[in-house]
Every structure is written in structure tokens, then in C-alpha cells.
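In our numbering, the protein residues as written are 104 to 368.
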């Protein structure tokens with residue numbers, strides 16, 4: 104039952120994201136790196152590309168615009184490569200400190216903390232202290248189906264316990280909000296036609312890159328610096344890049360499959 108509910112929420116999130124308006128001039132590229140915004144070529148849904156190699160759904164445009172002002176930096180990748188990237192295990196939640204939220208079946212108003220933690224704002228007076236005289240304008244309704252993306256934490260009893268500006272500063276990125284490890288990155292190994300996803304990735308020095316075989320046949324990852332041996336379906340191989348430079352690699356089993364890791368300071 105729980106698995107079915109999770110599947111339903113994920114499906115609803117994907118549908119809602121597909122309703123988001125897209126800027127006409129999204130960047131068309133196969134080079135993506137952790138932290139980039141991506142979309143599939145034939146759809147308008149926007150995702151956050153995480154260091155775990157997964158694409159995280161923005162449930163709706165209200166959530167998106169707490170993090171970004173526009174769609175100018177969204178990168179478009181081919182449908183085949185996009186489908187190689189698995190969906191994230193959770194959705195993107197509201198940026199902490201920007202808005203208060205509520206759901207139609209709960210009269211309480213919540214402030215948002217890092218990690219999708221909701222804290223009940225216990226009075227109208229406190230809400231006005233935190234968000235000003237127009238505090239009601241900062242409240243967004245979260246659809247019931249997406250409320251499961253959040254967890255309820257401790258209530259806020261006074262203004263010393265929650266300062267919106269400080270909360271925003273402390274969680275400036277989705278990387279921080281989801282407590283991702285910024286010393287890792289993930290490449291998905293797709294079919295021969297879809298190849299490595301992303302095809303080109305830029306990471307910082309000392310990043311551990313993991314190649315995960317998401318195909319149904321064996322693959323390998325070989326360069327002048329490393330050799331994975333056979334990687335069976337659903338298995339992976341990792342290598343830590345300790346030097347800067349551009350590192351090309353390929354799959355000798357399917358020579359047309361090539362990729363590049365660019366390593367910077």
C-alpha cells in the first residue's frame with residue numbers, strides 16, 4: 104500500500120511539473136553537471152539534477168519560483184538520455200524562509216525549514232512579526248498529494264526561534280536543502296543508443312564519480328587513468344579524480360559510447 108502511495112505521489116508530481124510554463128530558449132546540450140536544471144526534449148517538466156545522478160521533480164511552479172527567478176538556465180537533453188536518469192526519491196520542496204505554507208485540510212500555517220521540515224507558526228501576531236503586515240500574501244497552499252514531501256517539526260513560539268532571512272541564507276541551494284554530498288557525482292550508463300548520461304560532466308577536484316549501469320547488459324568504463332572491468336546491470340564503479348584536467352573515457356564493449364569528465368579546482 105505504501106509503495107502504491109509513493110508511486111501515485113511521484114506520478115502526480117511529474118504531471119504537475121509538466122504543467123509548468125517553459126522559457127522558449129532552453130539550452131540544448133548533453134553536458135550537465137550536479138546542480139543543473141534539466142528538461143527532456145519533448146516535455147516541459149523541469150528537474151533538478153542531483154549528485155546522485157537522479158532528476159528531482161519540482162511539483163509545481165510555485166515551488167520552482169522559490170528557488171529560481173526564471174527558466175533561463177534550464178538545459179534540454181534528448182528524451183532517450185533523459186529517460187536513462189531515474190527520478191529522485193523525493194520531490195523538491197519550498198526554499199526555506201521564502202514562503203509559509205498550508206494545506207486545505209489543516210488550518211495551521213507553517214514556516215519551512217531545511218529538508219522540507221514544517222514548523223507551525225502559532226499565532227497571527229507571530230506570523231506578522233516574521234513576514235510583515237502582508238504576511239497572508241506569503242502563504243501558499245500545498246496540494247494534499249505533495250504534503251507527504253514534508254515532515255512536521257517543532258512549533259515556532261517566538262521570533263527568536265525562526266528568522267526568515269537567516270533561514271534563507273543558511274539554505275541557499277537545493278544541494279544544501281537535501282543535504283547532498285558535494286564531493287560525489289553520478290553518471291548513468293544507458294543503452295548503446297543513449298550512452299553515458301551525462302555525456303560530459305564538470306566536477307571539482309577530489310570528487311568521487313560513480314558510474315551506475317542502468318542497462319540490461321554488461322558495460323565497462325575505461326580511460327588512461329582507470330579501468331572498471333565488467334559492470335553488470337544495476338552494479339556500479341567509482342573513481343576519485345584527484346587532479347584537474349579533462350578525462351575522456353569509453354566503453355570498449357560498445358566503442359561508440361564515450362564520455363568526458365572535466366575536473367576543476
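Cβ atoms here follow ideal geometry from the backbone N, Cα and C, with glycine treated the same way.
Local conformation of residue i per DSSP, three classes
i, result
"residue 166", "helix"
"residue 339", "strand"
"residue 278", "helix"
"residue 134", "strand"
"residue 184", "helix"
"residue 202", "coil"
"residue 358", "coil"
"residue 260", "coil"
"residue 284", "coil"
"residue 210", "strand"
"residue 215", "strand"
Residues near residue i in its chain [Cβ-Cβ closer than 7 Å; skip 5 each side]
i, result
"residue 349", "363, 365"
"residue 169", "197, 198, 201, 202"
"residue 219", "196, 252, 253, 254"
6 Å Cβ shell around residue i - same chain, five flanking residues per side excluded
i, result
"residue 221", "213, 253, 255"
"residue 136", "304, 305"
Expected contact under 8 Å - CB spacing of residue i and residue j to nearest Å
i, j, result
"residue 311", "residue 292", "Going by Cβ atoms, the distance from residue 311 to residue 292 rounds to 16 Å, so no, they are not a contact pair."
"residue 140", "residue 178", "7 Å"
Candidates the options: closest to residue i by CA position
i, options, result
"residue 337", "321, 345, 351, 327", "321"
"residue 309", "270, 347, 154, 355", "347"
"residue 301", "245, 360, 167", "360"
"residue 316", "156, 144, 150", "156"
Counterpart residues of residue i in DSSP-defined beta bridges
i, result
"residue 325", "330, 353"
"residue 365", "305, 349"
"residue 369", "Shown here, the chain extends from 104 to 368; a query on residue 369 therefore has no answer."
"residue 142", "179"
"residue 271", "Paired residue(s): none; residue 271 is not in a bridge."
"residue 254", "220"
Same chain only: Cβ atoms within 8 Å of residue i, ignoring 5 sequence neighbours per side
i, result
"residue 83", "With the chain represented from 104 up to 368, any question about residue 83 goes unanswered, as that position is not in the structure."
"residue 192", "157"
Any non-hydrogen atom of the ligand NAP closer than 8 Å to residue i Cβ
i, result
"residue 204", "In the structure shown, the ligand NAP is absent, as is every other ligand, since no ligand is present at all."
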